[in-house]
Ligand SMILES: Cc1cc2nc3c(=O)[nH]c(=O)nc-3n(C[C@H](O)[C@H](O)[C@H](O)COP(=O)(O)OP(=O)(O)OC[C@H]3O[C@@H](n4cnc5c(N)ncnc54)[C@H](O)[C@@H]3O)c2cc1C
């Protein structure tokens, strides 16, 4: 079985994000990039499904370009290798500012098609920075395989995967014929940390460079980017259980975080 | 690797991220609970062993990774994020205090029996030097190991022994010749279940509460002579060498702890208001923290200097002693001032600064007191 894990370096949630001076993207300068939380889970799940390394099964970690730059992206591939992936593929992107999700999906699809077959492709449900939630489904379309989104658990038997997915207010269990693309939620697997010996071994695992002709113009482009508004000051509604109805009302009508 | 820290390669950085994740997942969430219980679960040793944290510099043949000393520096720095000095100390005793002598001087048989399981985290190790009547003055220790046929028979008491209540073996410093001073000292390995070995008391203490600290009594404890490490009568020199690694990790941990205390305090100072502004806006505190940051940076450079020499096996007793002295004293000063910065909240257990303040108190005492460090430095300098 060949399992592909697509991953993207994203800014550490603790990082202070600044808008780049061109006004359309995050300034990568001084930002610490990490493996996204969803990617960390899909890697863990892929390793679990592969079982022990060798025996014809492998996990391939792929990353396509990145706002973070090549060195950071390769470091995140190395993170995946240290967690147990067998090899990496990196798709350089000389003009990351031109990128949109469709272009990324095309690049990944090209690299995956070059792999001599695959059974499963994992993407995180979203990259926590851009939150486009599109690469996984687009990639499935380009590869001509089914896509199951928001997986919170899964098993594989033969060429069928049984996937639990988080639907609104319920869990759905679906069966899908492999090959397929699965996008993972946080609950898909527990995040793992590598062992020291695996970090040392990762240094010896190969990362291949895949060349892709990126579209000269993006299918869509960001016109402007603005930081979120300053948080508004908190408000004490009352004390104790009596305050709950009022709080509930305000959360619905003012803060609009409750939509029911 | 960064231009600023040429010692650390990309692989070192990966290792740092990994230890951080280990500490944040396996240790930090349990700090309160373990402090309360005055012990932490045995499996923590196993988890640290599995992660590869207990044999960083040891030979691969025994389950270690044979890496350079900077990995040990990183691991020790990252441990402080547990905010639980007790568990950190217990793990450091296992990897950097009780086992280096076995790794460097032990027989193949001793390594298989004690070192290999210690690196895996299957056996808990303790180092038995201090006695009720002899701490700084190691040479006056009174625990004896007398030859009897093919065995040694051990009598005496040890105290303040970290991991002592549940150690699977003790790297024990004894007098094989009580009439001699330095030349009478030897190192032996004693299985924790040896008949005649009893744990007297689990000692109550000011800080580092999550770790157990025991009194051990040896009443005609019989061990085979093959458990002698290195040569008989050379133990004092082995121990002095062993102290260097112990003091170095103490120094490195002290600096990292001080750095973390400052960072925590600065965050607190942005939120806590007095007289209409965050307390960190008061110039008196701004300047004081600038001073602490400067001193912590200086301390770290001294510790890194000593670590570099130690890692390259260049003689460095003087530098290690200086680092232990300076970093330990500084950690106490910083802890005290950070507590002050928290006002009354600093005195409460709501914030970790009160625990850090109590824990820091140990570093100027354990593994050789500041006074002893000054004595060593003066002897080696003039
Ligand atoms: C929490 C904790 C854990 C410990 N874990 C271990 C362990 O695992 N294994 C182990 O063997 N030991 C352990 N120790 C013991 C520790 O190493 C000793 O406490 C330390 O070496 C000091 O010895 P002492 O307590 O006997 O003090 P003493 O030697 O009695 O010192 C008392 C005072 O006299 C001063 N003094 C002594 N000699 C001189 C001198 N020459 N010049 C000037 N002043 C001097 C000291 O600086 C100190 O202020 C631990 C201690 C603690 C508190």
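Chains as they are written, first to last, in my numbering: chain A, 1 to 260; chain B, 1 to 382. Beta carbons: idealized from backbone N, C-alpha and C, even for Gly.
Proximity of residue i and residue j at Cβ, strictly below 7 Å
i: residue 185 (chain B); j: residue 143 (chain B); result: no
i: residue 43 (chain A); j: residue 111 (chain A); result: no
i: residue 202 (chain A); j: residue 78 (chain A); result: yes
i: residue 62 (chain B); j: residue 116 (chain B); result: yes
i: residue 92 (chain B); j: residue 249 (chain B); result: yes
i: residue 318 (chain B); j: residue 239 (chain B); result: no
i: residue 119 (chain B); j: residue 216 (chain B); result: no
i: residue 202 (chain B); j: residue 165 (chain B); result: yes
i: residue 353 (chain B); j: residue 331 (chain B); result: no
i: residue 67 (chain B); j: residue 74 (chain B); result: no
i: residue 343 (chain B); j: residue 80 (chain B); result: no
i: residue 6 (chain A); j: residue 123 (chain A); result: yes
i: residue 218 (chain B); j: residue 191 (chain B); result: no
i: residue 152 (chain A); j: residue 100 (chain A); result: no
i: residue 10 (chain A); j: residue 129 (chain A); result: yes
i: residue 385 (chain B); j: residue 70 (chain B); result: An answer regarding residue 385 (chain B) cannot be provided, because it is not within the stretch 1 to 382 covered by chain B.
i: residue 194 (chain A); j: residue 18 (chain B); result: yes
i: residue 351 (chain B); j: residue 357 (chain B); result: no
i: residue 128 (chain B); j: residue 246 (chain B); result: no
i: residue 207 (chain A); j: residue 88 (chain A); result: yes
i: residue 139 (chain A); j: residue 102 (chain A); result: no
i: residue 149 (chain A); j: residue 104 (chain A); result: no
i: residue 48 (chain B); j: residue 121 (chain B); result: yes
Residue-chain proximity (residue i, chain B), Cβ-Cβ < 7 Å
i: residue 193 (chain A); result: yes
i: residue 203 (chain A); result: yes
i: residue 197 (chain A); result: yes
Within-7 Å CB hit, residue i to chain A
i: residue 165 (chain B); result: no
i: residue 299 (chain B); result: no
i: residue 28 (chain B); result: no
i: residue 21 (chain B); result: yes
i: residue 51 (chain B); result: yes
i: residue 65 (chain B); result: yes
i: residue 11 (chain B); result: yes
i: residue 373 (chain B); result: no
i: residue 7 (chain B); result: no
i: residue 18 (chain B); result: yes
i: residue 282 (chain B); result: no
i: residue 15 (chain B); result: yes
Inset, instruction - Take every Cβ of the stretch 63–77 of chain A, pair it with every Cβ of the stretch 28–35 of chain A, and state whether three or more of those distances are shorter than 8 Å. - result: Because the criterion of three Cβ pairs below 8 Å is met, the stretch 63–77 of chain A and the stretch 28–35 of chain A touch.
Inset, instruction - Just list the beta strand (DSSP E) runs in the stretch 106–180 of chain A, keeping only unbroken ones of 3 residues or longer that don't cross its boundaries, in chain order. - result: Within the stretch 106–180 of chain A, the runs of beta strand (DSSP E) at least 3 residues long that lie entirely inside it are, in chain order, 120–124, 147–157, 160–167 and 170–177.
Inset, instruction - Quick one: which unbroken beta strand (DSSP E) runs of 3-plus residues sit fully inside the stretch 189–217 of chain A? Chain order, please. - result: Correct list: 207–210.
Inset, instruction - Say whether the stretch 158–172 of chain A touches the stretch 219–226 of chain A, bearing in mind that this needs 3 or more beta-carbon pairs closer than 8 Å, one atom from each stretch. - result: Per the Cβ contact rule, the stretch 158–172 of chain A is not in contact with the stretch 219–226 of chain A (fewer than 3 Cβ pairs under 8 Å).
Inset, instruction - Please confirm if the stretch 241–256 of chain A is in contact with the stretch 166–182 of chain B, defined as three or more CB-CB distances below 8 Å between the two stretches. - result: Output reads no: the stretch 166–182 of chain B does not touch the stretch 241–256 of chain A.
Legend entry - Contained alpha helix (DSSP H) runs [length at least 4] in the stretch 36–68 of chain A, N- to C-terminal order: If we require 4 residues or more, the alpha helix (DSSP H) runs fully inside the stretch 36–68 of chain A come out as 37–50.
Legend entry - Within the stretch 118–144 of chain B, ranges of the beta strand (DSSP E) (whole runs, at least 3 residues): Whole beta strand (DSSP E) segments, 3+ residues: 125–128.
Legend entry - Three or more C-beta pairs below 8 Å linking the stretch 323–342 of chain B and the stretch 296–313 of chain B: Counting Cβ pairs under 8 Å, three or more are found: they touch.
Legend entry - Cβ pair count under 8 Å reaching 3, the stretch 117–131 of chain A against the stretch 168–184 of chain A: Yes, the stretch 117–131 of chain A touches the stretch 168–184 of chain A.
Inset, instruction - Indicate whether the contact test is met: 3 or more Cβ pairs, each with one atom in the stretch 199–213 of chain B and one in the stretch 125–145 of chain B, closer than 8 Å. - result: No: the two stretches stay apart, fewer than three of their Cβ pairs being nearer than 8 Å.
Legend entry - the stretch 13–21 of chain A touching the stretch 209–217 of chain A, judged by at least three CB pairs closer than 8 Å: Contact annotation: the stretch 13–21 of chain A does not touch the stretch 209–217 of chain A, with fewer than three C-beta pairs closer than 8 Å.
Legend entry - Stretch pair the stretch 270–289 of chain B + the stretch 357–374 of chain B: three plus CB contacts closer than 8 Å: With the cut-off at 8 Å, the stretch 270–289 of chain B and the stretch 357–374 of chain B do not touch.
Inset, instruction - Enumerate, from N- to C-terminal direction, the unbroken alpha helix (DSSP H) stretches of 4 or more residues contained entirely within the stretch 179–227 of chain B. - result: Here no run is fully enclosed.
Legend entry - alpha helix (DSSP H) runs contained entirely in the stretch 333–380 of chain B, provided each spans 4 or more residues: If we require 4 residues or more, the alpha helix (DSSP H) runs fully inside the stretch 333–380 of chain B come out as 344–347 and 353–360.
Inset, instruction - Give, in chain order, every unbroken run of the beta strand (DSSP E) that is at least 3 residues long and sits entirely within the stretch 247–278 of chain B. - result: For the beta strand (DSSP E) assignment, the stretch 247–278 of chain B encloses no uninterrupted run of at least 3 residues.
Inset, instruction - Inspect the CB distances between the stretch 256–274 of chain B and the stretch 101–109 of chain B and report whether three or more fall short of 8 Å. - result: Counting Cβ pairs under 8 Å, fewer than three are found: no touch.
Inset, instruction - Would you be able to state if there are at least three C-beta pairs under 8 Å between the stretch 148–155 of chain B and the stretch 225–243 of chain B? - result: Enough Cβ pairs lie closer than 8 Å, so yes.
Legend entry - chain D contacts from the stretch 64–86 of chain A (Cβ-Cβ distance under 8 Å): Checking the listed chains, one finds no chain D in this structure; the protein chains it contains are A and B.
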